[in-house]
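Presented below is the structure to which this report refers.
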Amino acid sequence: MKPAPAGRLRRAYLHHGYSIETFPFRSWHTWEGRFKSQALLDEKALAARMAYVDLNPIRGRMANTPAQSEHTSIKRRIKQAHKSRQPCLPEQQSKGLLAFASNPREDMPDGIPFVLSEYLALVDWSGRIIREDNKSHIQAHLPDMLQRLDINPRNWMYLTKNFEQPFKNQVGTAHNVHQACEDIGKNWVHGINHCEILFSSA
2 MKPAPAGRLR
12 RAYLHHGYSI
22 ETFPFRSWHT
32 WEGRFKSQAL
42 LDEKALAARM
52 AYVDLNPIRG
62 RMANTPAQSE
72 HTSIKRRIKQ
82 AHKSRQPCLP
92 EQQSKGLLAF
102 ASNPREDMPD
112 GIPFVLSEYL
122 ALVDWSGRII
132 REDNKSHIQA
142 HLPDMLQRLD
152 INPRNWMYLT
162 KNFEQPFKNQ
172 VGTAHNVHQA
182 CEDIGKNWVH
192 GINHCEILFS
202 SA
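Using the working numbering, read the sequence shown as starting at 2 and increasing by one per residue.
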């Protein structure tokens, strides 16, 4: 998979994150404790973070499927996809949400650098495993997008349930984290060992 520019990844995640309606919290302290800033350095980090957010209602036993998950952008995307003749075309996707622009390529338009149908299939597959708590299904019929991302399926499932725990400020492959550290003059960043393990295919 050809990497997308870092700026495009950042815009894609910010738009995706802001499109999610949030439940009321008791205080600003609670809000700060719930959300923290993390730089997503590549497609692997972006995909894992997006899926982690979209699967929140399923992890919390508030929904059985992504299509039933209230307060998420993925529910809006699924609803619109059912109405569209060619749902993967950016112009036929949900208005008000950043479109999926297909896989990274030369001169690609602004948008999330994945194929919409592949992302929806990946989140649905992940949600079923979380809901059924059946790890034996992990190796069966791996979604195309997961194979393209080249992330070990068990690592992927860990990320969909625990994304915020292993990382601090920089998230991505170990190579990209090292590069980001060099760019800002740091020698080391918290969580880089987890990046090396969790975003690998091993």
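Positions of the beta carbon are idealized from the N, C-alpha and C atoms, including for glycine.
Note on geometry: alpha-carbon atoms of LEU143 and ILE59 lie some 20 Å from one another. The DSSP-derived three-state label of GLN93 is helix.
According to DSSP, LEU41 shares a beta bridge with VAL172. The residues LEU42, ASP43, in chain order, have a CB closer than 6 Å to that of ASN177 in the same chain once the five nearest residues on each side in sequence are set aside. With contacts defined as CB atoms closer than 8 Å, MET158 and ILE130 qualify as a contacting pair. Three or more beta-carbon pairs separated by less than 8 Å link the stretch 73 to 90 to the stretch 120 to 127, which places the two stretches in contact.
Taking a cut-off of 8 Å on C-beta distances, the stretch 180 to 198 does not touch the stretch 53 to 69, as fewer than three cross pairs fall below it. Comparing alpha carbon positions, the residue from ALA46, SER38, ARG86, ALA40 closest to GLU197 is ALA46. Apart from sequence neighbours up to five positions away, the residues of its chain that approach THR161 with a beta-carbon distance below 6 Å are ALA52, TYR53, LEU56, SER127, ordered along the chain.
With fewer than 16 other Cβ atoms from the protein chains shown falling within 10 Å of its own Cβ, MET63 counts as exposed. Under the 10 Å beta carbon count, GLN87 is surrounded by fewer than 16 other beta carbons and is classified as exposed.
HIS195 counts as buried, since no fewer than 16 other beta carbons sit within 10 angstroms of its beta carbon.
By alpha-carbon distance to LEU90, the top candidate from GLN148, SER74, GLU119 is GLU119. Exposure of SER202 is indicated by the presence of fewer than 16 other C-beta atoms within 10 angstroms of its C-beta.
For ARG155, the enclosing alpha helix (DSSP H) starts and ends at 154 to 163. Closest in alpha carbon position to PRO114, among THR73, LEU150, PHE200, is LEU150. Relative to SER103, the option among LYS169, PHE200, LEU121 whose CA is nearest is LEU121. Under DSSP, PHE101 shares a beta bridge with ILE113.
The criterion of a C-beta distance shorter than 8 Å is not satisfied by ASN170 and LEU199. Within its own chain, the residues whose Cβ lies closer than 8 Å to the Cβ of MET146, once the five positions on either side in sequence are excluded, are ALA48, PHE115, VAL116, GLU119, TYR120, ALA122, LEU123, listed in chain order.
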